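Going by our numbering, the sequence shown opens with residue -9, and the numbers climb by one from there.
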Amino acid sequence: MRTILVRLEVSPEQRDALLRTMEAMNRACDAVGEVAFREKCRRRTPLHHRTYSMVRARFGLSAQMAVRAIGKVGGAHVRDPSRQPTFRLRGAVPYDPRILSWKGEGRERVSLLALDGRHEFRVRWSEYGRQAVARGKLRGEADLVYRDSAFYLSLVVESRDPRPYEPVGALGVDLGVVNLAVDSDGTTYKADGVDRVRTRTDRFRAHLQRVGTRSAKRHLKALGRREG
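Here it is in structure tokens:
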């Protein structure tokens, strides 16, 4: 999994629209964070029910923008419930497929929802970004980032599952008594050396059993562990 940044080509009017949206969402996050901290509300579902209507009425967010803002606060408050979460006015804000959609086969353009409706932007892909997306799977969620007077989308690309190994041919092995093993290519593995070791071990075990001393019993246990 990797994160890539792609730059958006933004007109002056679109820049103002995105900044207003970003600031409204972060102000909403601050308001939700105050409620979460004051009421010690750490679970996202109760926090959503407590603040959803307030967020929409006070900050003019769409339904899904309100959901994303509350979710952002919930994640921050769970990580550190001892502090009231606060958010930078122009900090990154989350988008998901309900408020973000790609255009074109190569994702040359993207549509983002702002306070005043949807805006479409041309996307500047780096060669690294294009190859990462081609080799992996692009997640539907993204963060809108404002940095050095420019807007970016922070995207997460997941690695695709590797292809399962497909063996070439197969080898069968028959375990026998006379021969240790015979494979399907006709190769025979003799058991002469193994048999000699087994015979010597059996004789040694019989000797220890006849002796019956404590030392002999300890040797028998050690012999059993080695064979196991």
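The beta carbon of each residue, even a glycine, is placed where N, CA and C say it ideally should be.
These figures come from a predicted structure and were not determined experimentally.
Around the beta-carbon of lysine 207, fewer than 16 other beta-carbon atoms lie within 10 Å, marking it exposed.
Look at threonine 11 here: in three-state DSSP terms it is helix. Valine 45 is bridged by DSSP to nothing; it lacks a bridge partner. Going by C-alpha positions, glycine 50 is about 8 Å away from alanine 14.
Listed in chain order, the alpha helix (DSSP H) runs fully inside the stretch 83 to 128 are 117 to 125, counting runs of at least 4 residues. Within the same chain, and ignoring the five residues on either side of glycine 81 in sequence, the residues whose Cβ sits closer than 7 Å to its Cβ are Asn16. Using a 10 angstroms sphere on the CB of glycine 214, the tally of other CB atoms stays under 16, which defines it as exposed. Contact check for tyrosine 142 and arginine -3: beta-carbon distance about 5 Å, within the 8 Å limit, so the pair qualifies. With a cutoff of 8 Å on beta-carbon distance, alanine 7 and leucine 105 are scored as near each other. A Cβ-Cβ distance of about 5 Å is found for the pair serine 144 and valine 135, placing them in contact under the 8 Å criterion. Taking the CA atoms as reference points, alanine 26 sits about 26 Å from proline 87. The straight-line gap separating the alpha-carbon atoms of methionine 12 and glutamate 117 is approximately 28 Å. The criterion of a C-beta distance shorter than 8 Å is not satisfied by arginine 190 and leucine 210. Around the C-beta of methionine -9, fewer than 16 other C-beta atoms lie within 10 Å, and the residue is accordingly described as exposed. Note: aspartate 133 is bridge-paired with Pro84 and Ser144 in the DSSP secondary-structure output. Boundaries for valine 0: no alpha helix (DSSP H) harbours it, and the DSSP string shows neither H nor E there.
Judged by DSSP in its simplified three-state form, leucine -5 adopts strand.
DSSP, reduced to helix, strand and coil, places serine 205 within a helical segment of the structure shown. Contact check between the stretch 23 to 41 and the stretch 59 to 66: three or more CB pairs, one atom from each, fall below 8 Å, which counts as touching. Residue Glu95 holds the alpha-carbon nearest to the alpha-carbon of valine 113 among Glu95, Gly107 and Arg125. Our two residues, glutamate 29 and methionine 44, have alpha carbons roughly 15 Å apart in a direct line. Counting C-beta atoms within 10 angstroms of its own C-beta, proline 75 has 16 or more neighbours from the protein chains shown and is therefore classed as buried. With fewer than 16 other Cβ atoms inside 10 Å of its own Cβ, glycine 130 counts as exposed.
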